[in-house]
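Report on the following structure.
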Amino acid sequence: MKQRYVNLICFVLALLSGILTFSLKYHVLDKEKQLKKIYSDITQNQKEMHGLKTDWASLTNPEDLRIQAKQIRAKPIRAEQIIHIHQLAEKPVPIPPKKPEFKEDDNDF
Amino acid sequence: MIFKREKSTFYETCQEIPLKKMDKWRYLDMTTRVRLKSAALRCLWVGGFFMIAYCLILGRLFQLTIMDYHGRDYTRPMGSSFSLKRYNILDRNGVLLASSMPSTDLSVNPDLVKGDPKEIAHNIALALNNVEEKDVYSAITSSAGFKYIKRKLSPAERNNINYLGYPFLSEFPGEYRTYPHRNLISHILGGVDIDNIGISGIEKAYDQHLQDSDIQLSLDVSVQEMVYNALIQGIEKFKAQGALAIVMDINNGEVLASVSLPDYNPNIPAKKTGKERFNQVTLGTYEFGSIFKLFNTALGLESKVIKIDDIFDASKPLKLKGAKAIEDYRGKNRPLSVTEILMYSSNIGSALMGLKIGWERQKEFFGRFGFYEKLPIALPERGQPQYIKKDKWNEVESSRLAYGYGISVTPLHLIAAVASLANGGIYHVPTFIKGGNKDQIETRVIDENVSQTMRHLMWAVVNYELDKNSPVALYAVGGKTGSRQALANGRYVEGSLRTTFVGAFPMNNPQYIVLVSYDDPKKVKETHMFNTAGWNAKATGLQIIGEIAPYLGVIPVPEWKQPAYITRAIDRYNESKKGH
């Protein structure tokens, strides 16, 4: 009787593992299909990004930016605008506190 | 028969006595027992085999998933990622300068063509832009098994061809090179042929490298544009035939900008002419005239033949045996100090210095700057300097060489040499690659103290008549101008000049050096009908410095301390000015 149970368990296990392997295989195939799609999307995105980078380089051509800067009246940096860090004041100059303004209501109490 | 174990059991007559398994075995005949034994053995072998196989699989699984995993990717490769046959060229900040774009090439297999070739050729030519019907006809009637009809098809052209549906036409994935900055860096980038093989510039120099990875140049596209823009303005203003400019990092030889005009659009290579294709910066060799007075002075001080306070008599033209008299352009007609010789660019003074120094020293000194050989740069366009044959070098020639006559070098030779005079005496071979000189062994060409003196002298040359309130004055620019009759077909052209300015900044701690040169600038109203370098090349050079210095983060020099010999020379100039 004991052996029959063992055989039965083995058979059930074999069957289960068969079903599991079968379903796993199809699951993996499905995942591979998804992966393939992702890879192809990545390639397509890389291709588009490459094209966009070239477009960006073309659109941000300094020659064109100079023309656009003129339109928004941007001015180039002047020499006087640049100083060495040592030329800066050591501590920020404190802003003097504002004198409290006299209010008529203050005398009410 | 009663067995021992069943002795105690009572059985009735004819009652079946149950036999246990072992008992059954005992009553089997010998043959059956042997057969069963061998069957059991076979089962054991098969079972054992499967057991070992399972153990192996389990072991391998354990090894792959637990022991050896370490984040490895065991997935099957799923198609290749996007890659092109030729990689990008980038500027020093990573801005794209040249790139490849995927395209489609159209070809035909003439053996498979069926139908009237004239009609087919007509239809195909209609479907494509800029393709002649006769070219298509000759392709489809060719005896070759394969012929390209057009490369780099546009999407619209592809649609048209697919619509025709000719089975003998094939489309191949190809790629084409594109230069987003058009003319801006044309000469340095160079170009590729129809098969994407580099034929000039960086494209040729790094052809193999570009098939494996990107390349980053030392150029800065913004600096390049500022220089380009200033030169375009200058050409228009001074009505010059052409112009060139270079900006170089004085401390490592990396070129930040290199412009040569006229130029061309590398996206339309077929349209360029010979003059446009010519890179004046690396290939053109020119006599730079008075700029060579810097080398003459540096050599005099380096060899200790000349002292900074020496005076040379430039009051009258210098006559040497068997040579034309040497004269000064707008000369001072008085004895001049070494500082004044450079400030007023005196040919007589320089020639006298040259004679004192001696031609042997001069010959050796020029060699230190590589003035006799092509520059060891990667670009294929490299000019061979021209100079007097070394065996003909004598006093007369030496006196001419002292002020830059009789030797032609490329602008790149010149800027690298002047850079070494100002940067503390170290010569760097110019490079167009970012970090290209990292492993270079430093070559000292002059003493550090001589370089310090040269910096002061160069500062005096630029600043003695410069408006102190001009923004460029804050950058303590030091340099030298040079004007020399332009050569055409091996002869000097009367009235036609090549004017050059080379200037480094800030002179208290030089960081960058700029060279500007015009080909045949005209005498125009704005320059009071003068066309020498001080009126055009220097003006453009200072304009460029004023624009690029804030961009490059160069901090203005609030106070400039000059040595006594400079103060004396400037005071003398101011006095003479008052006298007028």
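Line order of the protein sequences matches chains A and B. Per the numbering used here, the first sequence runs over residues 80 to 188. Per the numbering used here, the second sequence runs over residues 11 to 590. By construction, the Cβ of each residue, glycine as well, lies at the ideal position given by its N, Cα and C atoms. Source: prediction; values computed, not measured.
Notebook entry, point to check: For GLY551(B) versus ALA253(B), is the C-beta spacing smaller than 9 Å?
Noted result: no
- Leaving out five residues before and five after SER196(B) in sequence, what residues of the same chain have Cβ atoms less than 6 Å from its Cβ? ASP273, TYR274 and PRO276
Taking the beta strand (DSSP E) that LYS162(B) belongs to, which residues open and close that run? 157–163
(message) Would ASP259(B) and SER228(B) qualify as a contact pair, given that the criterion is a beta-carbon distance under 9 Å?
(response) yes
Given 8 Å as the limit, is there contact between the region 314–332 of chain B and the region 362–376 of chain B, that is, 3 or more CB pairs closer than that?
yes
Check your understanding: Hey, is THR441(B)'s beta-carbon within less than 9 Å of any beta-carbon in chain A?
Key -> no
- request: Would you list the one or two residues that DSSP bridges to VAL257(B)?
  value: ALA267(B) and VAL524(B)
### Query
For GLN234(B) versus SER268(B), is the C-beta spacing smaller than 9 Å?
yes
Quiz item: Given THR463(B), which residues of its chain have a CB within under 7 Å of its CB, disregarding the five upstream and five downstream residues?
Solution: LEU311 and ILE318
Taking the C-alpha atoms as reference points, what is the distance between PHE288(B) and PRO395(B)?
16 Å
Which residues of chain A have a Cβ atom closer than 8 Å to the Cβ of ILE565(B), listed in chain order?
ILE161, ILE162 and HIS163
*asked:* At the 9 Å Cβ level, is GLU169(A) part of the contact set with chain B, yes or no?
replied: no
Item checked: Any C-beta of chain B under 9 Å from that of PHE188(A) -> With a pLDDT of only 45 at PHE188(A), under 50, the local geometry of the prediction cannot be trusted, and the value read off the model is given with reservation. No, because no Cβ of chain B sits closer than 9 Å to the Cβ of PHE188(A).
> Can you give the beta carbon distance from ILE387(B) to VAL439(B), rounded, assuming they're within the 8 Å contact cut?
Replying inline: 7 Å
Is the Cβ of HIS191(B) closer than 9 Å to any Cβ of chain A?
yes
From ASN119(B) to HIS132(B), what does the alpha carbon distance come to, in whole angstroms? 17 Å
Residues sharing a beta bridge with PRO345(B), DSSP
ASP323(B)
Q) So which residues of chain B does GLN150(A) contact, with C-beta pairs closer than 9 Å? A) The contacting residues do not exist; GLN150(A) stays about 16 Å from chain B at best.
- Go ahead and pull the three-state DSSP assignment for THR550(B). helix
- Task: Output the distance between the C-alpha atoms of LEU266(B) and PRO165(B), rounded to the nearest integer angstrom.
- Result: 38 Å
Note to self: To be precise: take each residue of the region 91–122 of chain B, compare its Cβ to all Cβ atoms of chain A, and keep it if any distance is under 7 Å. Which residues remain?
What the structure shows: SER91, PHE92, VAL105, LEU106, SER109, MET111 and PRO112
Measuring alpha carbon to alpha carbon, tell me which of PHE60(B), ARG501(B) and ILE555(B) ends up nearest SER480(B).
ILE555(B)
Q) Do THR510(B) and GLU391(B) have their C-beta atoms within less than 9 Å of each other? A) no
query = Name the residues in the region 186–210 of chain B whose C-beta lies less than 8 Å from a C-beta of chain A; which are they?
reply = THR188, PRO190, HIS191, ARG192 and LEU194
Q: Could you check if TYR339(B) is buried or exposed, using at least 16 other CB atoms within 10 Å of its CB as the buried criterion?
A: exposed
- prompt: How is LEU467(B) classed by DSSP in three states: helix, strand or coil?
  reply: helix
Just the C-alpha distance for VAL471(B) and PHE376(B), rounded to the nearest angstrom, thanks.
22 Å
Item to complete: Find the residues of chain A that neighbour SER232(B), judging by a C-beta separation of less than 8 Å, and give them in chain order.
Response: PRO141
Chain D within 9 Å of LYS104(A), Cβ atoms only: Reference to chain D is not applicable here, since the protein chains of this structure are A and B.
Check: Is the Cβ of LEU484(B) closer than 9 Å to any Cβ of chain A?
Finding: yes
- Task: Give a yes or no on whether the C-beta atoms belonging to PHE379(B) and ALA427(B) are separated by under 9 Å.
- Result: yes
How many angstroms separate the CA atom of MET468(B) from the CA atom of MET353(B)? 8 Å
**Study point:** Contacts around ASP530(B), its chain only, beta-carbon distance under 7 Å, and the 5 residues preceding and following it disregarded
**Key:** ALA250, GLN251, ALA496, SER506 and LEU507
Is any non-hydrogen atom of the ligand COA found closer than 8 Å to the C-beta of LYS535(B), if you look at the structure I gave you? Looking for the ligand COA in the displayed structure turns up nothing, as the structure carries no ligands at all.
Report task. Kindly provide the ranges of any beta strand (DSSP E) runs that are 3 or more residues long and lie completely inside the region 281–333 of chain B, ordered along the chain. Result -> 321–323
Between which residues of its own chain and LEU163(B) is the CB-CB distance below 8 Å, once the five residues before and five after are set aside? SER113, THR114, ASP115, LEU116, LEU138, ILE171 and GLU181
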